[in-house]
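In our numbering, the protein residues as written are 65 to 355.
One structure is given below, encoded as structure tokens.
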């Protein structure tokens, strides 16, 4: 891992990645395994860094739970990666650019920023399996980690992120490309992925059962505690602490069950921590807010 702040790229400038060049073409398609390296190439790869490309697009603006997870994952990987591992971030958007704070939160990480609309790129990636990420960012990469359930085409190992399967269980709650692509393509993409990252053991079991993937392909990385636990307080902290819910107040978060359980607990116990709910509240959250 090199030191210093993120390497910000312009539209036509890339970060040099050694003397090797990417000789694969998009014609190989999404579903085909990476091409085998020739003996000379294998010898060259033994002397270079392990390159990991993380999809940072969900964290570009108005970070939701997924965006915050990706942002913190980038910072944690940057802080703990072995010397021979090189983490790099990929972003794309027509109008949004990475926040300058990223230089502090993920020091020494190259950021490959492309002015490509997310919806356009996702359509081609999800449906056609092109272009390979190496056509947008100079490769090759050893691992390419998508921040969502569908693969990013690459010549390297492919990892996807599946936090839950609500889009399969309740398709009526979804919209846009999630409704168009996720439920119909997730099993095909999951079985082709070399790894699946999820945030709980419960989700891991559901993924194995619903998508027919080996349990050893699913890795659990629970969200860690926030950095702002101390904070700048103007009033004394409640000695009992708090029960904190953080997330968008939408049906798939099952906030109603939490409110029901907390109501039952209040009826049985006097000294329990207050419940705090924090997150964006769409119109559908009105019944919860009234409680």
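Note that the Cβ used here is the ideal one computed from N, Cα and C, for glycine as well.
Remember, predicted model here, so these are calculated numbers, not experimental data.
- Rounded to whole angstroms, residue 233 and residue 283 show a C-alpha spacing of 21 Å.
- Boundaries of the alpha helix (DSSP H) around residue 252: 247-256.
- DSSP lists 208 as the beta-bridge partner residues of residue 222.
- Cβ-Cβ distances below 6 Å link residue 116 to 151, 207 in the same chain, with the five nearest sequence neighbours on each side left out; the list follows chain order.
- Following the DSSP letters along the chain, one finds residue 259 inside the beta strand (DSSP E) bounded by residues 259-262.
- The C-beta separation of residue 138 from residue 174 comes to about 11 Å, leaving the pair out of contact by the 8 Å criterion.
- A Cβ-Cβ contact shorter than 8 Å links residue 226 with residue 271.
- In the structure shown, residue 214 adopts coil according to DSSP, grouped into three states.
- Under the three-pair Cβ rule at 8 Å, the stretch 262-270 does not count as touching the stretch 238-254.
- Where residue 176 is concerned, the enclosing beta strand (DSSP E) starts and stops at 174-178.
- Annotated as distal: residue 155 and residue 183, with beta-carbon spacing of 8 Å or more.
- Between the alpha carbons of residue 176 and residue 325 lies a gap of roughly 45 Å.
- Within the model, the alpha-carbon separation for residue 301 versus residue 191 is close to 51 Å.
- Taking the C-beta atoms as reference points, residue 124 is found nearer than 8 Å to residue 157.
- DSSP, reduced to helix, strand and coil, places residue 312 outside both helices and strands of the structure shown, so it counts as coil.
- For residue 168, the enclosing alpha helix (DSSP H) begins and ends at 166-169.
- Taken atom to atom, the span from the alpha-carbon of residue 304 to that of residue 340 is near 13 Å.
- Per the C-alpha coordinates, the member of 114, 113, 128 positioned closest to residue 344 is 128.
- Per DSSP, residue 342 is one residue of the beta strand (DSSP E) stretching across 339-342.
- Here the alpha carbons of residue 237 and residue 246 stand approximately 13 Å from one another.
- Of the residues 351, 201, 336, the one whose Cα lies closest to the Cα of residue 321 is 351.
- Annotation: the continuous beta strand (DSSP E) that includes residue 153 extends over 149-156.
- Per DSSP, residue 119 lies in no alpha helix (DSSP H) segment; the continuous beta strand (DSSP E) that holds it begins and ends at 114-119.
- Beyond the five residues adjoining it in sequence on each side, residue 201 comes within less than 8 Å, by CB distance, of 78, 117, 152, 154, 176, 178 in the same chain, given in chain order.
- In its chain, beyond the 5 residues on either side, 288 have a beta carbon closer than 8 Å to the beta carbon of residue 140.
- The Cβ atoms of residue 223 and residue 212 lie no closer than 8 Å to each other.
- The bridge partners DSSP lists for residue 307 are 339.
- By the Cβ neighbour-count rule, residue 327 is exposed, with fewer than 16 other Cβ atoms within 10 Å of its own.
- Burial of residue 186 is indicated by the presence of at least 16 other C-beta atoms within 10 angstroms of its C-beta.
- Inclusion of residue 220 and residue 205 in the CB contact set at 8 Å is warranted, their separation being smaller than that value.
- Residue 272 sits in a helix when the DSSP states are folded into three classes.
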